[in-house]
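Participant: First the structure, which I've put down as structure tokens, then a few questions once you've had a look.
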Amino acid sequence: MKKIEAVIRTSKFLELKESLNKMGIQFFTYSDVKGVGHQATEKAVYRGVQYDLGYIARTKLEIIVSEKVEEVIKCIVDTCKTGELGDGKIFVSNIEECVRIRTGERGVPALQ
Amino acid sequence: MKKIEAVIRTSKFLELKESLNKMGIQFFTYSDVKGVGHQATEKAVYRGVQYDLGYIARTKLEIIVSEKVEEVIKCIVDTCKTGELGDGKIFVSNIEECVRIRTGERGVPALQ
Amino acid sequence: MKKIEAVIRTSKFLELKESLNKMGIQFFTYSDVKGVGHQATEKAVYRGVQYDLGYIARTKLEIIVSEKVEEVIKCIVDTCKTGELGDGKIFVSNIEECVRIRTGERGVPALQ
Amino acid sequence: MTTAVLDTVEAAATIIDTIKTVSAIPVDTLVSATLVNATQAQVESISLTSSNIWMMICTALVFIMNLGFASVESGLARSKNTTNILFKNTITPAIGIIIFSLWGLNLMYPGANYAEKIYGFAGFGLEEPLIDGKLDLSYNSGYTYWTNFLFQAMFAATAATIVSGAVAERIKITSYMIFTFIIIGVIYPIVGMWGWGGGWLNVIGGDLPSFYDFAGSTIVHSVGGWAALAGVIVLGPRIGKYVDGKIIPIPGHSMPLATIGVFLLWLGWFGFNGGSVLSADPARTSLVLATTSLSAAAGAIGALITAYVYLKTLDLSMILNGILGGLVGITAGADLMSPNESILIGLISGSVVVFAVVFFDKIKVDDPVGATSVHLVCGILGTLFVGILGDKGFGGSAEGAGFSQLITQLIGITAVAAFVFPVSYIVFTIISKTVGLRVSAKEEIEGLDIAEHGMKAYNIDMDKEY
Amino acid sequence: MTTAVLDTVEAAATIIDTIKTVSAIPVDTLVSATLVNATQAQVESISLTSSNIWMMICTALVFIMNLGFASVESGLARSKNTTNILFKNTITPAIGIIIFSLWGLNLMYPGANYAEKIYGFAGFGLEEPLIDGKLDLSYNSGYTYWTNFLFQAMFAATAATIVSGAVAERIKITSYMIFTFIIIGVIYPIVGMWGWGGGWLNVIGGDLPSFYDFAGSTIVHSVGGWAALAGVIVLGPRIGKYVDGKIIPIPGHSMPLATIGVFLLWLGWFGFNGGSVLSADPARTSLVLATTSLSAAAGAIGALITAYVYLKTLDLSMILNGILGGLVGITAGADLMSPNESILIGLISGSVVVFAVVFFDKIKVDDPVGATSVHLVCGILGTLFVGILGDKGFGGSAEGAGFSQLITQLIGITAVAAFVFPVSYIVFTIISKTVGLRVSAKEEIEGLDIAEHGMKAYNIDMDKEY
Amino acid sequence: MTTAVLDTVEAAATIIDTIKTVSAIPVDTLVSATLVNATQAQVESISLTSSNIWMMICTALVFIMNLGFASVESGLARSKNTTNILFKNTITPAIGIIIFSLWGLNLMYPGANYAEKIYGFAGFGLEEPLIDGKLDLSYNSGYTYWTNFLFQAMFAATAATIVSGAVAERIKITSYMIFTFIIIGVIYPIVGMWGWGGGWLNVIGGDLPSFYDFAGSTIVHSVGGWAALAGVIVLGPRIGKYVDGKIIPIPGHSMPLATIGVFLLWLGWFGFNGGSVLSADPARTSLVLATTSLSAAAGAIGALITAYVYLKTLDLSMILNGILGGLVGITAGADLMSPNESILIGLISGSVVVFAVVFFDKIKVDDPVGATSVHLVCGILGTLFVGILGDKGFGGSAEGAGFSQLITQLIGITAVAAFVFPVSYIVFTIISKTVGLRVSAKEEIEGLDIAEHGMKAYNIDMDKEY
Ligand SMILES: Nc1ncnc2c1ncn2[C@@H]1O[C@H](COP(=O)(O)OP(=O)(O)O)[C@@H](O)[C@H]1O
Ligand SMILES: Nc1ncnc2c1ncn2[C@@H]1O[C@H](COP(=O)(O)OP(=O)(O)O)[C@@H](O)[C@H]1O
Ligand SMILES: Nc1ncnc2c1ncn2[C@@H]1O[C@H](COP(=O)(O)OP(=O)(O)O)[C@@H](O)[C@H]1O
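Quick note, the sequences are listed as chains A, B, C, D, E and F, same order. Everything in the first sequence is counted per our numbering, starting at 16 for the first residue and increasing by one. Everything in the second sequence is counted per our numbering, starting at 16 for the first residue and increasing by one. Everything in the third sequence is counted per our numbering, starting at 16 for the first residue and increasing by one. Everything in the fourth sequence is counted per our numbering, starting at 388 for the first residue and increasing by one. Everything in the fifth sequence is counted per our numbering, starting at 388 for the first residue and increasing by one. Everything in the sixth sequence is counted per our numbering, starting at 388 for the first residue and increasing by one.
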């Protein structure tokens, strides 16, 4: 089983959710994160002094899958790419075990 | 060392914290996440149109342990199971190194 | 590639960002988390009853690097250490793949 | 009106000419009674106009207390129940105003036929607005019939809204509306009639002076407070409030909202007490405003000191409750107290509120916003102060502080308690047994906003997703 | 003034002494006309003072409606556009007050020279404040020139601010300011002149009675409503509102803010309608306050029932809109209705608002705060009610409800529609074609707060980082 | 009162009968002096009633300024210090009202014995409320003793509350309360006595006209401003504000709260300036309201233009400060200016505020809410305008704009500066050296809410855990 972590533009989230749904990924977890990266951060002004907020509001998705890793990556890249700096990153790592709390099932069946 | 990530119902959090405490797990990190999954999402209505919020507010715990992985899993399953759709998932992965910032200690001793 | 996760005192964040910048780490993701640990939690009082909030507001950084893992750890420890209980922890784990959404690049180049 | 006067003057001029012919007196220095009478009538009319302006302003100020309650209550409750609390506090004045126009006013002020009785009713509906195309102004020298109606309706809403804070975070919205209907439609007007509608509290019996409750420490605040207490007891505490015998604090979600609420209530009290003079009499209205503010200020100080000494904290929510305690405490005798007496009342009330909040928590009466501590405890206290402090010779109908006045006050307090608490308790119990009083545990944990209204109160910074 | 009177009295005393010598009548029982006249003058002055106090208070209450609108609109929009909405609602009254002092007042009230015309202008600037070092008080028996100016300026700001809610979350801030300039500087004063400035709506023609709009259901609210509708149509819906033919709800970000806003608007309406009596006449002002509050309360109940039966929800935002609907609905005839008629008007208005909100959503007119439903639909409705309900014999200038009055009302409504909607549509279109009306899609998604003001509205609990 | 009149009329009737027998004049057309005198007395009483109503309303409006300050200040500070700011602004009026009843009023208005002095004291406590069971109404023709007390106490709280914003986010709460005690109990009443209590600023000396400060640009706002400046300097900037010579903006946490605050302050200023007429004189009160609102509106426009041209932003916080600047700027001469002069004053004040905020930031005077820019800078400016603009022939006690008036104004400004700034500086320094003025760095970073009150201001959407 693999964990696919994707840090994307928040504004792309709804679209990505749709795309993932279409390819059969209906379960995942996401949260608000802040990114420090290439993209210029949001410019704000307060009482005459310009400053940047120092971060970009982003959404991080965590998707655990037992197969179709490449398809998921492709789906994310296709949906979230704008070509401008700051489109985000995808990280893949290994998951050793998975448990469904409701049933206690383990491993791949717990994912379905 | 293993990292146990558990995505649970937020309403079960306090109870789980107690249970973990009782079995000796006193350190962990948690945060607010949103889950997309089996469970029907919260239904809301705004100005006559029903819609769902598209997610369930959930809590994600991250517990790094060097032993007792199975006990922790059991504890989570026992505490957080309601039997209804949406009880959540537990994922286990490998952690290669751990450092206690306060002392610079490494590995298992850094965890205690 | 390694993922370095650091749970630190929120008040040390800006300083750490500076230090990381200086050693060349300009990309990372961070978010608000709550920690349960050694440190006494924040004491609050409400309508005559003292209680603790049960957690410490903390910041979690996730930094994916292909090299310089030790330097990053050292940098974090040096910057975030106060010597008091509750300075936080660093966890290192393995990342198998990395994709830059903007270009579709894979692996180490995707990180730069 | 000016033209009318001028016409009169012209008429008068002719008469004066006639007089000139029969008298040697230089009559242009004389003046006709007609003119003076016209002036006199005009003076009466302006006197009414002035008083009526004041009463209309006070009505507006009492109205804004509804927003004050909405803010305090939602600020001191959790964000997952905010929409629900706002809903209740919005619908309460709406229900109050409609009921008072349909029958409430006539139940509370049934007229001289029912003087010294314990119940009376003058029939449904408000009087026709027009008499020969003109409003009947003979109603009162201080304000018109309409002003009276609206002022009284706003008071009624206030009594009802006290309940909403105490039962917050677990009561079913429909059941709350049913109870609101009953307290505004039946309970409050009946008690109000006892004291202010010419009822039996004005002639308690024997040589006792009549019960004195200037602006309603008992008749408004304790009524709300007793009903709130009954509701809290029937409902039981919120889930998670008392666990394994320990009190778990459930902090309010927004101190700015709670503070806005308390300031608005203080402001509203200018109208609540100031309007209870029932005219713009400069001496009494301004004295009342001064005593009210002094007691509110002292309430803050009293709560500050008590919380600091007794609880070792500078708890803002206690200061806010202290202010409200001071306001409720002065209400029964706001027109009778000297500045120093007002400060004393405020200090005591503000201090007692702190103990009361802690006490109710200890006996597991779970009142999220401290409504019982503020309105019930300080309402009783304030009513008793009229028997202990204050010179009754001024303005009020009371005899003067003293043992017999104290007895009267106690009788009034007891009578109201003996009526409002059991009736409310029974009503809440009936609702509980029939349509159900409390939401399910699941709904309570999820929050009433989603469960009852399908609507979150806040969506801050979630909007980038849309 | 008191000293002046005493001097007069002394003078009078001397005269009376003289009389004594020529007459046997015991003249100390007589009184000089001088004294009475002085009293009479003083009475006139106090009468002005009282009325003026009321009008100043009403002005303050109408002023606070701007905060009401700011709160409702920002509460019902998303947090990423909050600074922008607050900005618009802050700058709107500023623009309104300045324009009305420079030319607006003289365009709306051009004076008798332009009576029964469709346009007139009395020149730039306010009159000099001083006549021989003293204010000219001859302006009006009910209030001074300055009170009138400020009251009228606050009304103008209100009409403009209606637009801001409807076009929220996508209009460019500079373009909004341009339109605000035009509606306050041109559109509103011209329509206002038709009805209130002595213009042609007072003599519609033939045997028809004159158009009756007591406090502005049409002249203020529909004007704002038509302009809002034009703006919404030219702008188009917000991104993400209508996707694949489906309506996607975009919930407001703060129900407490929206509720605060509605209570402040209700409070402000005490001044809006109460001040439209243009004096402190106790009968009319108090009747107006009662009918206004009854209709608002019934609006809440009407919306509650409709939303519950028709939409199966207890949607707070609908109750809030229902209250506003009730308020707008009573505005045209607030001085003509009986309590029961007011309740009826409120029930209908509150109910219609719910249908209107759903209807506008269905036809893809995206109005984030329901401004068109409240101000336009209920504005028209309220104006028509004057032809159907209410006894016109009382106070108003209307003939009495009936067919011919209804025709007049329809003519007025149509005329205002035929002027305001196309003109606004053209102005919005010109702005759109030149400086641009709408922010870019990227800015809209990012939020106008950052895009237009570089400033987030909320930074809650982000501050530990600093 | 009406019955009294009727009795008199009956008495008069008997007298008139007597007259009939001694004279051929048809005496029923005549009227007795008694009746006219009764009418006259009634007129006096209504005149007092009207004026007193206005003054009580103004008192209520000034009271609500405390909520305005609480909202602006907490909105422009960080959420981790919100409870603390609300606490300060709640306890400040409480302290103010109590102190003014105990000695403040008698220190500020020591009476004729101390005329033209620099200090005086009329003893502790307020006068007994009752004279022979009745209030002494001879106090003033415009309002009662109690109205005066409360109005003055609210003013005092306002001066003190200005300080709280400037020293926010780092001052110890106990130390703040000590300073509040001193500014309300000593500093403000003494300066107030100089200008308004009959003190030396009324007879500056030589041929100079007396110092003119209508509603307190100097006596209230600059006093608060100088004290604020001293506090800011002694405290030093917030941690993280100036790093490596760079200014790091620390954005406020809630623009809705800040906007609510500014609207409430504008509303409150209706009472602050309108009540400073000290009667309901229709000409002066309404002129004052018009000039006040025109200057506030122009302040918004001035700040808008300046911020746009000079800083290239549409910064809402600057518009809000601009409005406050316009309000403070007009305060000294609100009864003297024409509409166009008021607009000019507003434009200048609003514009200067923007520069002042930037300037103070440059010189590292860290004032989180811009209190010094608004109250000190515009307070001075407004006081000077009285020497430059406005026709002094109207109402005011000043001689008329001109060089000698300008000199007087400068003397007044300097005197207040020379007293308030050093005294405040010394007091803050003593506090700093003894109990300590500033919280520890750890507490400051953690936030004063937890550190000082153990209480977070917001718990939004955290509540599902409970
Ligand atoms: N090495 C990294 N570790 C963790 N997060 C990263 C890393 N690099 C990028 N990110 C996340 O991805 C986001 C987008 O990356 P960025 O470098 O701005 O864009 P791009 O990949 O288009 O150059 C960043 O805001 C950050 O949240
Ligand atoms: N494959 C997955 N990847 C990441 N998170 C998941 C995955 N499957 C489930 N989750 C998380 O677990 C939560 C509960 O899962 P759900 O499928 O609703 O319940 P159940 O396991 O009882 O069928 C989801 O809301 C989501 O946050
Ligand atoms: N085993 C663990 N798993 C996950 N997070 C942990 C673990 N131990 C500590 N943490 C995180 O690190 C933070 C600091 O740890 P703590 O034990 O309080 O300090 P110290 O390491 O100085 O003893 C905790 O608040 C928690 O967020």
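Ideal Cβ positions, reconstructed from N, Cα and C, are used throughout, including at glycine. Source: prediction; values computed, not measured.
Taking Cβ-Cβ distances below 7 Å as the criterion, which residues of the segment 811-834 of chain E are in contact with chain A?
Facilitator: Hits within the stretch, in order: I832.
Participant: Find the residues of chain B that neighbour V114/A, judging by a C-beta separation of less than 9 Å, and give them in chain order.
Facilitator: Residues of chain B passing the Cβ test: A21, I88, I91, V92, K104, I105, F106, V107.
Participant: Please report the straight-line C-alpha distance between C445/E and I440/F, rounded to a whole angstrom.
Facilitator: Taking the straight line joining both Cα atoms gives about 14 Å.
Participant: With a cut-off of 7 Å, give the chain-ordered residues whose Cβ is closer than this to any heavy atom of ligand 2.
Facilitator: Ordered along the chain, the selected set is F42/A, F43/A, T44/A, E77/A, I78/A, I79/A, V80/A, R115/A, I116/A, R117/A, L126/A, V22/B, V48/B, G50/B, V51/B, G52/B, H53/B, Q54/B, I71/B, R73/B, L100/B, G101/B, D102/B, G103/B, K104/B.
Participant: Measure the CB-CB distance between P669/F and T436/E and report whether it falls below 8 Å.
Facilitator: Yes. Within cutoff.
Participant: Is the separation between the beta-carbon of S738/D and that of T693/D shorter than 8 Å?
Facilitator: Going by C-beta atoms, S738/D is nearer than 8 Å to T693/D.
Participant: Once you ignore the five residues that flank F28/B on each side, which residues in its own chain have a CB closer than 6 Å to its CB?
Facilitator: Closer than 6 Å at Cβ, skipping near neighbours: T74.
Participant: To the nearest whole angstrom, what separates the beta carbons of A457/E and N476/E, a pair I think is in contact under 8 Å?
Facilitator: Going by Cβ atoms, the distance from A457/E to N476/E rounds to 4 Å, so yes, they are a contact pair.
Participant: Considering Cα atoms alone, identify which of L35/B, Y70/B, P124/B, A59/B is closest to K104/C.
Facilitator: With distances taken between Cα atoms, K104/C lies closest to P124/B.
Participant: Mind listing the chain A neighbours of L703/F? Cutoff is C-beta to C-beta under 8 Å, in chain order.
Facilitator: The premise fails here: L703/F is roughly 10 Å from chain A at the closest Cβ pair, so nothing lies under 8 Å.
Participant: I'd like the list of long-range same chain contacts for Y575/D, defined as Cβ closer than 6 Å, with 5 residues on each side in sequence excluded.
Facilitator: Excluding positions up to five away in sequence, the list reads A543, A546, V610.
Participant: Have a look at S551/E and M452/F and give me their C-alpha separation to the nearest angstrom.
Facilitator: Between S551/E and M452/F, the C-alpha separation is close to 27 Å.
Participant: Does any residue of chain E have a CB that is nearer than 8 Å to the CB of M842/F?
Facilitator: Taking Cβ atoms only, chain E never reaches closer than 8 Å to M842/F, which makes this a no.
Participant: For Q41/A, count the other beta carbons within 10 Å of its own beta carbon; 16 or more makes it buried, fewer makes it exposed. Which is it?
Facilitator: Classification for Q41/A: exposed.
Participant: Shorter than 8 Å from the beta carbon of S46/B to some beta carbon of chain A?
Facilitator: Judged by the 8 Å Cβ criterion, S46/B is in contact with chain A.
Participant: Can you name the residues of chain A whose CB is closer than 8 Å to the CB of L698/F?
Facilitator: Here the neighbours are V60, G63.
Participant: Skipping 5 residues on each side, what residues in its chain have a beta carbon closer than 6 Å to that of V48/B?
Facilitator: Same-chain partners within the cutoff: R73, K75.
Participant: Could you tell me which chain E residues have their CB closer than 7 Å to the CB of S26/A, listed as they occur along the chain?
Facilitator: Those within 7 Å of S26/A in chain E are I832.
Participant: Which complete alpha helix (DSSP H) runs does the segment 583-637 of chain D hold, if anything under 4 residues is left out?
Facilitator: For the segment 583-637 of chain D, whole alpha helix (DSSP H) runs of length 4 or above, ordered along the chain, are 610-622.
Participant: Is it true that the segment 758-766 of chain F meets the segment 710-727 of chain F, where meeting means three or more beta-carbon pairs spaced less than 8 Å apart?
Facilitator: Contact holds: three or more Cβ-Cβ distances are below 8 Å.
Participant: Measure from the C-beta of S525/E to each C-beta in chain D and report whether the shortest distance is under 8 Å.
Facilitator: The pLDDT assigned to S525/E is 48, lower than 50, so where the model puts this residue is not dependable, and the model offers no usable value.
Participant: On the premise that L422/E lies in contact with P430/F, defined as a C-beta separation below 8 Å, what is that separation, rounded to the nearest angstrom?
Facilitator: The sequence given here places Val at residue 430/F; Pro does not occur at that position. So it is not a contact: roughly 11 Å between Cβ atoms.
Participant: So is Y70/B in contact with chain E if we call contact Cβ pairs under 8 Å?
Facilitator: Not an interface residue.
Participant: Determine the direct distance from the alpha carbon of Y695/E to that of G52/A, and round the result to whole angstroms.
Facilitator: When rounded, the distance between both Cα atoms is 50 Å.
Participant: Applying the 10 Å Cβ sphere with the 16-neighbour rule, what's the burial state of L100/C?
Facilitator: Label assigned to L100/C: exposed.
Participant: Taking Cβ-Cβ distances shorter than 9 Å, what residues in chain A pair up with R73/C?
Facilitator: Neighbours of R73/C on chain A: none; closest Cβ ~14 Å, over 9 Å.
Participant: Using a cut-off of 7 Å between C-beta atoms, extract the partners of S437/F located in chain D.
Facilitator: Ordered by position in chain D, the residues that pass the 7 Å Cβ test against S437/F are S437.
Participant: Using the beta-carbon of each residue, which ones in chain A are nearer than 9 Å to P636/F?
Facilitator: Going along chain A in sequence order, the residues near P636/F (Cβ under 9 Å) are A59, V60, Y61, R62, G63, V64, Q65, Y66.
Participant: Output, in sequence order along the chain, the residues in the segment 742-769 of chain E whose CB is closer than 8 Å to any CB in chain B.
Facilitator: Those would be V744, V745, D748, G757, in chain order.
Participant: Evaluate A788/F with the Cβ neighbour count: other Cβ atoms within 10 Å of its Cβ, from every protein chain shown; 16 or more gives buried, anything less gives exposed.
Facilitator: A788/F should be labelled buried.
Participant: Going by beta-carbon coordinates alone, are T679/F and I800/F separated by less than 8 Å?
Facilitator: No.
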